[in-house]
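Please read the structure below before turning to the comments.
Numbering (our numbering), first residue to last: 23 to 177.
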């Protein structure tokens with residue numbers, strides 16, 4: 023494994039040329055449409071929008087030095103991936119996105135629990151991504167995360 027990438031700019035420079043423009047556009051759309059309060063940083067080796075520790079000092083999984091992630095953006099040789107943690111526990115937003123994607127995009131949705139994978143740079147639904155990221159505010163994400171953490175403790 024190579025050296026870790028420490029800045030968003032450095033990460034973008036490592037994205038395959040085939041994907042770089044599309045990746046930058048996805049990053050721009052998310053940045054421009056994301057509700058207030060999230061910060062862009064490097065986490066898990068990729069650009070990630072997080073709840074700052076100044077807002078949620080408990081940190082992700084009670085790690086006081088690790089901000090709570092919300093949306094991460096990755097790129098490989100074969101895809102641009104958007105990891106939207108809010109999709110895992112918010113069935114209303116997840117269902118809305120799946121239906122809207124089917125209505126607006128001619129290609130099949132490639133989706134995991136929180137991962138949206140785009141394998142054709144010419145068919146990325148930027149406007150739909152922009153709308154998706156407006157659906158959950160920082161406060162709503164914190165409530166969703168804390169509710170899930172309490173549920174986990176009760177098992």
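Ideal Cβ positions, reconstructed from N, Cα and C, are used throughout, including at glycine.
Owing to the predicted nature of the structure, the values given are computational and were not obtained by experimental measurement.
Query	Result
Would DSSP call residue 107 helix, strand or coil?	coil
Quick check: the Cα distance between residue 60 and residue 86, rounded to an integer number of angstroms?	17 Å
Quick one: what's got a C-beta closer than 6 Å to residue 94's C-beta in the same chain, skipping five residues either side?	68, 70 and 105
Can residue 41 and residue 103 be called in contact, C-beta distance under 7 Å?	no
Could you pull the start and end residues of the beta strand (DSSP E) that residue 42 belongs to?	Segment 39–55 is the alpha helix (DSSP H) holding residue 42; no beta strand (DSSP E) there.
Using 8 Å for Cβ pairs, my map puts residue 29 next to residue 64. What's the rounded Cβ distance?	7 Å
Just the C-alpha distance for residue 169 and residue 57, rounded to the nearest angstrom, thanks.	20 Å
Between 83, 115 and 43, which lies nearest to residue 146 when the distance is taken from Cα to Cα?	43
Using only alpha-carbon positions, find the residue among 154, 148, 62 and 150 that is nearest to residue 112.	154
What are the complete beta strand (DSSP E) segments, minimum 3 residues, inside the region 121–146?	137–140
If you drop the 5 nearest sequence neighbours on each side, which residues of the same chain put their C-beta closer than 8 Å to that of residue 148?	47, 48 and 51
Can you tell me whether residue 23 is helix, strand or coil according to DSSP?	Confidence at residue 23 is low in this model, with a pLDDT of 38, below 50, so the placement of that residue should be treated as unreliable; the coordinate-derived value is given next. It is coil, neither helix nor strand.
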